[in-house]
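These notes are about the structure you will find just below.
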Amino acid sequence: AQALQDKKPVPRRPRPPRNILTGQHRPANLFNGVLNPIVGYGIRGAIWYQGEHNAGRAYQYQNLFPLMIDTWRKKWGQGDFSFYWVSLADFQDEVAEPVGSSWAELREAQTMVMSKLPNTGEAIITDLGESHDIHPRNKQDVAKRLARWALAKDYGIELVYRSPLYKSSETKGNRIVITFDHVGGGLDTFDVREVRGFAIAGEDKNFVNASARIVGKNQVEVWSDTITAPVSVRYAWAQNPICNLQNKEHLPATPFRTDNWDGITKGVVK
419 AQALQDKKPV PRRPRPPRNI LTGQHRPANL FNGVLNPIVG YGIRGAIWYQ GEHNAGRAYQ
479 YQNLFPLMID TWRKKWGQGD FSFYWVSLAD FQDEVAEPVG SSWAELREAQ TMVMSKLPNT
539 GEAIITDLGE SHDIHPRNKQ DVAKRLARWA LAKDYGIELV YRSPLYKSSE TKGNRIVITF
599 DHVGGGLDTF DVREVRGFAI AGEDKNFVNA SARIVGKNQV EVWSDTITAP VSVRYAWAQN
659 PICNLQNKEH LPATPFRTDN WDGITKGVVK
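So the mapping is simple: the working numbering equals the position in the sequence shown, first residue as 1, plus 418.
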């Protein structure tokens, strides 16, 4: 009003406060507001629970996540301190048929980091999620699985600390035998049902639900009567997979695939 009275240009209206619910998504906001103020403090390691917001660009996460870890380590200047994270939990409705999944690709991107950077590890929690709550209430078991990593790798306590991890596969006729690392006391299921969670495909890349059975301490045989020449197997490859493989220490098997076919998030971010 004063500007109009003085016949001067009307000043711009002041900007309203930023939406506190979206501000954290702006580049560098979380880093500068939360992490950067404590850089330089002495730490033994870090734990990380995040990822679902990146699921739509999971292929990019293969590079983004290790870059973040490497950046933290360089900022602190304490060498390759331990960095442990939580793989995505199961969420939303259970998926009964094999489909492409951005969440599965994000879990894969997380798992890949263990082979890229030293002193890293992940807690698998595909058995602890809730279909209608993205933040499942059972954090005690999540913490216990992270603690296993720290106790074993940082404090020298001998215990089984990681989930069964895909090692290799061998095709035998119309079946594929999967060999796992880190099986602890041996492979098992966490219920009385047969092994569930596997899918199998031929050259056409069309996956179907597969039958599976444990054939040794560290091996699972996978097949489908509808696939005569299988070439690929996937396990727990869904946002909320129906799966039950674990080791005898009750650590669920790490989701995996034996193929390297393009996923649904490749090319989403150039």
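Virtual Cβ for every residue (Gly too), placed ideally from N, Cα, C.
Being a predicted model, the structure only gives us computed values, none of them experimental.
Residue nearest to residue i in terms of C-alpha spacing, selected from the options
i: V578; options: V595, V560, D559 and H600; result: H600
i: R475; options: A656, S519, Y653 and N447; result: S519
i: K585; options: I542, S533, D609 and R563; result: S533
i: W567; options: S642, S581, K590 and Q558; result: S581
i: V626; options: I542, A654, D606 and T672; result: A654
i: L482; options: V531, T589, A421 and K426; result: V531
i: L663; options: I596, R555 and Q657; result: I596
i: E690; options: D643, A565 and P648; result: In this structure the chain extends from 419 to 688, so residue 690 is not present and cannot be described.
i: Q462; options: I682, E526 and Y573; result: Reading off the sequence shown, one finds Arg at residue 462, where the question assumed Gln. Among I682, E526 and Y573, the Cα nearest to that of R462 belongs to Y573.
i: A522; options: A514, D508 and E515; result: D508
i: L583; options: F499, D424 and E526; result: E526
i: H471; options: L564, I552 and Y502; result: I552
i: H668; options: E540, P554 and G602; result: G602
Cβ neighbour criterion (16 or more within 10 Å) applied to residue i
i: N665; result: buried
i: A628; result: buried
i: Q468; result: exposed
i: V613; result: buried
i: S549; result: exposed
i: Y459; result: exposed
i: L524; result: buried
i: A656; result: buried
i: L564; result: buried
i: E515; result: exposed
8 Å contact criterion, which residue i and residue j should meet: CB distance rounded
i: R652; j: A630; result: The Cβ separation is near 12 Å, so there is no contact.
i: I542; j: P659; result: Contact flag wrong, Cβ pair sits at about 11 Å.
i: T538; j: I465; result: 11 Å between Cβ atoms; not a contact.
i: P484; j: L535; result: 5 Å
i: S650; j: T676; result: 5 Å
Cβ pair residue i, residue j closer than 8 Å
i: I632; j: V638; result: yes
i: D545; j: F608; result: yes
i: S505; j: Q480; result: no
i: Y477; j: K684; result: yes
i: C661; j: G604; result: no
i: A421; j: P432; result: no
i: V457; j: W494; result: yes
i: K571; j: S500; result: yes
i: I645; j: G620; result: yes
Please go through the region 499-577 and give each complete beta strand (DSSP E) segment of 3 or more residues, from N-terminal end onward. 500-504 and 538-541
Length at least 4, wholly inside the region 420-493: the alpha helix (DSSP H) runs in chain order: 420-423
Scan the region 572-625 and note each continuous beta strand (DSSP E) run of 3 residues or more that stays entirely inside, going in chain order. 583-590, 593-599, 605-607 and 616-619
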